[in-house]
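Structure first, then comments.
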Amino acid sequence: MTGRGKAGTGVDPGEGTGSGPAPGTGRPGPDRRSRRAAAIASAVLFAAVIAVIAVTTPWHPLPGTVPGGAVPVDPARDFSPAEIARSRAFDAALTPRAYAGLAVGLVVVLVLGLTRLGSGLIARCTAWPRRRSLRVAVAVVVLTTVLHLASLPFGVWGEAVLRRYGLSTQSWPAWLLDDVKSLGFTWLIYSIALLLLYWALRRFPRYWWTGAAAGAFALVVAVSFLYPVVFEPAFNDFRPLPQGRLRADLLAMARRDGVPVKDVLVADASRRTTSLNAYVSGFGSTRRIVIYDTLLENTPPARVEAIVAHELGHAKNDDVLHGTLIGALGVSAAVCLLHLLLSSPRLLRRSGVVPDGVHGGGEPPQGNPGADPRSIALLLAGVAVATQVGMPVQNLVSRHIEARADAHSLDLTRDPATFASMQHELSVRNISDLSPDAIERFLWSSHPSAPERIAMARDWARQHHVPEPPPRRR
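Numbering (the working numbering), first residue to last: 6 to 479.
Written out as structure tokens, the structure reads:
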């Protein structure tokens, strides 16, 4: 079936000296020494990721002790039975879609990557281009489109749920247009990354991963900086917040916080959603406060200021920069692991990149078959697994960072009652999950729940000897 037999010399296929030339290059293919070096480099980079996470993550977002002890997290204290029931019903409607989408997405990418389906599909679709770079680009477009189409029914399912609960205001044509834009950006980013990657694979068969890791680091940083000026305008229109008290107060609060802000913009989010949100976008001279237009409709200015104060906390603590550094280091480490993936004869045979029995004799493998564009399916499977493994860690770190931004908002506004009312309004309008179970929290929760955030506001009030936010029980 997969021809996993060992070579007669007792050397694991693909682990030999690699003395033969890579196809079309005249250069030796990957050998045991380069694989060992890539494994060590990956371990060092992942250690750096752990170190940066350990140093930059606020493991105790609200420092100090709480007089009388921490306030228990209790949704029933601040949310009515009807609000709790609606949150549970919404979660019950979305959760099956989330689990099914995750399972189907992983199954499809793993089947394409670990069987001959993926390599065969690429071979058929890239039979006509003569240029290798064009074959790589076609393979990227075909595979990402297949994966996107596999996820599309679950996107439609989720959008239908949002419509049923009044959270989506988009027409189906507008939703599909956004979906096509998203797919287009996927094509662009993956094509650039993999064209460079497969060029390096052929040009430097043994140590391509050194330059590729550096390039991946630079690409992550570039995308992070370009996102506010390239990607955001593709999905939203922005206009300056009109002159008035709210604009003046927000800019004054940013100055008081020591966060330079160029402008306050309003995003036309209402053409897609009824959800409320705001964020601080950009770096340095491009930094701006962005407010959803939905937030300006009926939200009191004090609550808007509490939300913006939270977002200023992210800018004040350089959370985006730290996240970019962690992401860039993590992607660089993953690129080093890709060398092990794309030089593994067993995986290459299983995926159909190398035919069964080609390396089954006593000769060590020659060349660098991982440079074949048909290995892109195997590569994407590795990326999917790495992403899923890393997501719970990312969520854990994110929850602590969001909690620190909440503490920053409380420190800046010194108004826990308004903060608590703001969290209540956000949660009710966005139909947030008030008590996610352990699995949902592990897989998807990037923010503390609203009851946790309101409990923090009460803890902060106790620490600073001011009145606690009163219960909102109805």
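Idealized CB from N, CA, C, for every residue including glycine. The structure displayed is predicted, hence computed values, not measured ones.
Does DSSP put Y170 in a helix, a strand or coil?
In this structure, Y170 counts as coil in the three-state DSSP scheme.
Proximal residues to H429 (C-beta, below 8 Å), its chain only, five neighbours per side dropped:
Within the same chain, H429 has close Cβ partners D83, F84, A455, I459, R477.
Any idea what DSSP makes of I294, helix, strand or coil?
In the structure shown, I294 adopts extended strand secondary structure according to DSSP, grouped into three states.
Spatial neighbours of S156 within its chain, please: CB distance less than 7 Å, with the 5 preceding and 5 following residues excluded, ordered by chain position.
Result list for S156: G106, G110, in chain order.
Inter-residue spacing [alpha-carbon to alpha-carbon] between L411 and T100
The residue asked about is misnamed: residue 411 is Asp in this sequence, not Leu. Rounded to whole angstroms, D411 and T100 show a C-alpha spacing of 27 Å.
Between the Cα of D96 and those of R467, W449, P474, A466, spot the shortest distance and give me the residue it belongs to.
Closest option to D96, Cα to Cα, is W449.
Can you tell me where the beta strand (DSSP E) with S286 in it begins and where it stops?
Taken as a continuous stretch (DSSP letters only), the beta strand (DSSP E) holding S286 covers 283 to 286.
What do you reckon, are the CB atoms on L270 and R244 nearer than 9 Å?
Cβ distance < 9 Å, so L270 and R244 count as in contact.
Cβ neighbours of A314 in the same chain (closer than 6 Å, five flanking residues each side left out)
Around A314: S414, L417, T418.
For F288, which residues from the same chain have a beta carbon less than 7 Å from its beta carbon, with the 5 sequence-adjacent residues on both sides left out?
Taken in chain order, the residues that qualify are F230.
Between T291 and Y232, what straight-line distance do the alpha-carbon atoms span, to the nearest angstrom?
One C-alpha to the other measures close to 11 Å.
Thinking C-alpha only, which one of A320, S187, S275 is nearest Y284?
Measuring C-alpha to C-alpha distances from Y284 to each of A320, S187, S275 identifies A320 as the nearest.
Using the three-state DSSP reduction, which class does F222 fall into: helix, strand or coil?
DSSP places F222 in helix when its eight states are reduced to three.
Roughly how many angstroms lie between the CA atoms of A443 and P397, to the nearest whole one?
Spanning the two alpha carbons is a distance of roughly 11 Å.
Taking F84 as part of the beta strand (DSSP E), name the residues at either end of that continuous run.
Secondary structure note for F84: it is in no beta strand (DSSP E), with a DSSP letter that is neither H nor E.
What's the C-alpha gap between P305 and H344?
It is roughly 54 Å from the alpha-carbon of P305 to the alpha-carbon of H344.
Could you say which of F51, L199, A94 lies nearest to L224 if we only look at CA atoms?
Checked all of F51, L199, A94; the closest Cα to L224 is L199.
Length of the line joining the Cα atoms of N303 and C130
Between N303 and C130, the C-alpha separation is close to 53 Å.
Taking only the alpha-carbon atoms, compute the straight-line gap between L152 and S337 and give it to the nearest angstrom.
Straight-line Cα distance between these residues: approximately 24 Å.
So, with DSSP's three-state summary, where would you put V132?
It is worth fixing the name first, because residue 132 is Ala in this sequence and not Val. Note: A132 maps to coil in three-state DSSP.
Using a Cβ-Cβ cutoff of less than 6 Å, which residues in the same chain neighbour A311 once the five nearest sequence positions on both sides are dropped?
Closer than 6 Å at Cβ, skipping near neighbours: S414, T418, T423, F424, M427.
Under three-state DSSP, which class holds D416?
Helix, per DSSP.
So within the segment 189 to 243, which uninterrupted alpha helix (DSSP H) runs reach at least 4 residues, ignoring any that extend past its ends?
For the segment 189 to 243, whole alpha helix (DSSP H) runs of length 4 or above, ordered along the chain, are 213 to 231, 237 to 240.
Helix, strand or coil at P350 according to DSSP, with G and I counted as helix
DSSP places P350 within a helical segment (H, G or I) once states are collapsed to three.
Excluding five sequence neighbours on each side, which residues of the same chain lie with their C-beta closer than 6 Å to the C-beta of A52?
Same-chain partners within the cutoff: there are none.
To the nearest angstrom, how far is it from the Cα of R404 to the Cα of S39?
Whole-angstrom Cα-Cα distance: 38 Å.
Would you kindly work out how many angstroms separate the C-alpha atoms of Y297 and V161, rounded to a whole number?
Y297 and V161: Cα-Cα distance of roughly 24 Å.
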